[in-house]
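So in my numbering, spot 72 of the sequence shown is number 67, and the numbers just go up one at a time.
Have a look at the structure below before the remarks.
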Amino acid sequence: MIHAEGVAEVTDATFDAEVLGAATPVLVEFTADWCGPCRQLAPVLGAIAKEQAGRVKVVQIDVDHNPGITSRYAVLSMPTLMVKSMVGARPKRRLLQDLEDVLPAAV
-4 MIHAEGVAEV TDATFDAEVL GAATPVLVEF TADWCGPCRQ LAPVLGAIAK EQAGRVKVVQ
56 IDVDHNPGIT SRYAVLSMPT LMVKSMVGAR PKRRLLQDLE DVLPAAV
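Written as structure tokens, this is what we have:
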């Protein structure tokens, strides 16, 4: 899996604790090694994880190795991003605009 700095990997076993139990909103990227757009998105997610630290947690889950969570959320395309459901890669500015209503105000 393509790892960006600041983006943690979650699994079927850790998803509920790391995502549903998190104190801040969590942006989850459903990804796969074979996904070209996922590779394009990796540096964007890494930058958001760094710049928005404390406001949002960014994680990724490999759909090929974690079928339980993938099935639970009916993920059919990669990349799928969820805080709220978003499918497809997008530029950093657009992604931040899409997330603005779920992120707490900056301090």
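Glycine included, C-beta positions come from ideal geometry on N, C-alpha and C.
Problem - Sheet register partners of Glu13 (DSSP bridge) - result: Answer by DSSP bridge pairing: none, since Glu13 is not bridged.
Practice task
May I ask you to verify whether the region 9 to 18 touches the region 31 to 50, counting CB pairs closer than 8 Å and requiring at least 3?
Solution key: Contact check between the region 9 to 18 and the region 31 to 50: fewer than three CB pairs, one atom from each, fall below 8 Å, which does not count as touching.
Problem - Between the CA atoms of Met77 and Ile56 - distance to the nearest angstrom - result: Per the coordinates, the alpha-carbon of Ile56 lies some 11 Å from the alpha-carbon of Met77.
Exercise for the section: Could you spell out where the alpha helix (DSSP H) holding Gln47 opens and where it closes? Expected result: Neither: Gln47 is in no alpha helix (DSSP H) and is coded neither H nor E.
Exercise for the section: Just grab the DSSP bridge partners of Val54 for me. Expected result: Ala3 and Val23
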